[in-house]
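Below is one structure, written out as structure tokens; comments come after it.
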Ligand SMILES: Cc1ncc(COP(=O)(O)O)c(C=O)c1O
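In the numbering used here, the protein residues as written are 458 to 861.
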């Protein structure tokens with residue numbers, strides 16, 4: 458029979474999970490237990506997550522997208538409501554607003570951090586605005602002091618898309634306890650993984666109860682609660698989804714949470730090494746890190762000066778991929794995607810986001826990455842940049858500027 462196994466080519470990935478023997482043991486124990494879903498591992502994971510984020514409640518769900526959807530449902534986003542979201546984010550942030558019938562309104566980002574610009578956020582507020590979403594790009598927390606002041610002034614809810622920033626902090630407060638609701642993802646490239654998975658943390662017990670109901674069809678109790686109570690009865694109180702996360706995933710989540718501080722330390726060491734090494738590379742700059750915040754270093758993002766170098770980001774990207782360096786781009790401004798253009802028209806624009814999207818490249822960073830891997834990435838970029846002597850630049854074709 459033909460061997461259908463895919464041959465892997467070796468590429469240094471931009472992100473990767475860290476799974477050890479304890480994780481495997483935890484999953485094996487969970488799969489042998491009597492409850493594979495809605496069981497004790499789910500509550501245990503939620504309790505540990507609430508503890509780690511110093512929040513009073515955590516609601517674990519099947520993905521970060523589900524966490525955002527549950528959060529927007531809980532705060533009652535519905536048709537006619539506007540929610541301000543950063544222009545540069547993963548599409549899930551604004552899609553989740555649309556799932557609830559709301560309208561995302563895009564705010565520009567700061568060019569040096571790619572974090573949402575509070576001035577543009579305030580400019581975009583209308584009488585229909587109900588919430589502001591902060592997205593902790595690359596793991597660095599947003600300016601929560603200014604966003605909180607704006608939210609309070611206009612009586613808005615502050616939601617954090619912290620899918621990049623579990624383990625980060627703002628003024629010594631762990632992310633998860635700073636916004637009204639904070640959403641996390643546990644996809645394999647994130648700070649910890651449950652394979653797929655997500656959670657929303659909050660200090661509001663009513664919102665938490667509503668999200669728990671939402672993740673299970675809007676029904677007022679779970680299968681295990683009915684079993685324990687010896688009843689078959691349940692009532693569907695609101696419209697919900699099946700966004701439950703399994704006990705296997707949560708057992709993995711608990712085991713991964715034990716290692717969160719070590720994962721964050723490892724990421725920080727890699728980010729620091731990149732910072733040292735980037736000091737003298739022509740045309741390449743890392744994002745600015747603000748004081749009074751610690752980053753989870755989910756991404757190390759480099760801005761490539763395509764104008765000064767005469768070479769586009771995409772040419773650099775292709776070169777790095779050819780060198781087996783698994784770079785990526787996070788993210789194209791959401792409104793540039795075809796679905797958004799068809800729905801909202803083609804006139805949406807946030808100048809900083811449009812400009813910076815042409816420059817950004819995400820470099821590999823994950824806890825098991827070795828120093829030698831960082832040196833290889835940096836050396837490849839340095840060689841590429843220094844080869845662009847003035848003569849080389851004038852010989853090159855005009856830079857590619859099309860979005861892509
Ligand atoms: C900023 C951001 N928001 C939302 C999500 C969605 O998370 P998930 O993939 O777990 O649904 C992601 C995941 O990549 C993300 O990076």
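Backbone N, C-alpha and C fix where the C-beta goes; we use that ideal spot for every residue, glycine too.
Small disclaimer: the values here were computed from a predicted structure and weren't measured.
Asked	Found
Enumerate, from N- to C-terminal direction, the unbroken beta strand (DSSP E) stretches of 3 or more residues contained entirely within the region 694-779.	741-743, 757-761
Return yes when the C-beta of residue 862 is under 7 Å from any heavy atom of ligand 1, and no when it is not.	The requested residue 862 does not occur in the structure, where the chain is confined to residues 458 to 861.
Beta carbon of residue 530: closer than 7 Å to some heavy atom of ligand 3?	As presented, the structure is devoid of ligand 3, carrying ligand 1 as its sole ligands.
Does any heavy atom of ligand 1 sit closer than 7 Å to the C-beta of residue 653?	yes
Drop a sphere of 10 angstroms on the beta-carbon of residue 761, count the other beta-carbons inside from all chains shown, and report buried for 16 or more, exposed for fewer.	buried
What separation, rounded to the nearest whole angstrom, lies between the Cα atoms of residue 539 and residue 674?	25 Å
Take every Cβ of the region 683-692, pair it with every Cβ of the region 477-489, and state whether three or more of those distances are shorter than 8 Å.	no
Could you tell me the alpha carbon to alpha carbon distance between residue 656 and residue 782, rounded to whole angstroms?	31 Å
For residue 621, is the beta carbon positioned less than 7 Å from some heavy atom of ligand 1?	yes
Could you give the distance in angstroms between the alpha-carbon of residue 845 and the alpha-carbon of residue 811?	25 Å
So that I know if they touch, is there some Cβ in chain D lying closer than 8 Å to that of residue 685?	Looking for chain D here will not work: only one protein chain is present.
Is the beta carbon of residue 606 sitting closer than 8 Å to the one on residue 615?	no
Only counting the same chain, and skipping five residues up and downstream in sequence, which positions put a Cβ closer than 8 Å to that of residue 529?	540, 553, 554, 556, 557, 559, 588, 616
Among the residues of its own chain, which have a CB less than 6 Å from the CB of residue 570, if the five just before and after it don't count?	744, 745
Roughly how many angstroms separate the alpha carbons of residue 533 and residue 654, rounded to a whole number?	23 Å
Just checking residue 774 against ligand 1 - is the residue's beta carbon closer than 7 Å to any of the ligand's heavy atoms?	no
Hey, would you say residue 822 sits closer than 8 Å to residue 728, going by beta carbons?	yes
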